[in-house]
Amino acid sequence: MHYEDSQQRMAKAKIGPAGIEYIQGALLKPKKVDGHNHGNYLIATHRSAPTQNTDGCQRLYTRNADAYKRTTALSAKEQAVRTRFTEVAAMVKARQGDLSKISADQEAFEAQRYSSTGKRTMRAYLWAVCGAEYDAEHA
């Protein structure tokens with residue numbers, strides 16, 4: 069069973085015959101009203117790895133509303149990564165709609181799809197191709 073809040077996935081819970089087996093994820097997130105946050109984060113974790121620990125595998129944490137707010141400026145590397153992501157995403161979107169390249173892209177995708185290093189989806193393939201083009205232009 070999954071509980072969702074608007075478009076963001078919050079927490080997931082596994083329900084068994086005896087009731088809730090575990091809850092994992094954000095149970096509560098702060099609500100932003102008039103530019104500031106109301107409330108805190110309430111986060112549940114579930115450890116699925118085997119252990120000798122007898123304290124259980126479920127933990128519940130609370131965090132302040134600003135706990136995930138960035139406190140430092142973006143570094144040059146982070147800015148470059150964000151710029152690359154934005155530009156490659158635009159290249160992929162444009163290439164998906166370019167009728168002159170669709171047939172060739174589909175053939176190239178199918179040719180590499182089942183190789184050991186091949187991309188399994190067309191979108192992943194286009195991201196790899198456009199990313200390589202971007203890197204070649206900016207190297």
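For the sequence shown, our numbering assigns the number 69 to the initial residue and increments by one for each residue that follows.
Glycine included, every Cβ here is placed at the ideal spot set by N, Cα and C.
- For Met190 and Arg152, the gap between their C-alpha atoms comes out near 20 Å.
- Looking only at Asn132, His104, Pro85 and Gln120, the smallest Cα-Cα distance to Ala94 is reached by Asn132.
- If you keep only unbroken beta strand (DSSP E) runs of at least 3 residues inside the stretch 87-121, you get 87-96, 99-101, 104-106 and 109-114.
- Residue environment for Cys198: buried (at least 16 other C-beta atoms within 10 angstroms of its C-beta).
- Note on the stretch 121-186: whole beta strand (DSSP E) runs with a minimum of 3 residues are 126-131, in chain order.
- Sixteen is the threshold: when 16 or more other Cβ atoms of the shown chains lie within 10 Å of the Cβ of Ile91, as they do, the residue is buried.
- By the CB criterion at 7 Å, Tyr109 and Val156 fall outside the cutoff.
- Contact annotation: Pro98 and Gly87 have beta-carbon atoms that are not nearer than 7 Å.
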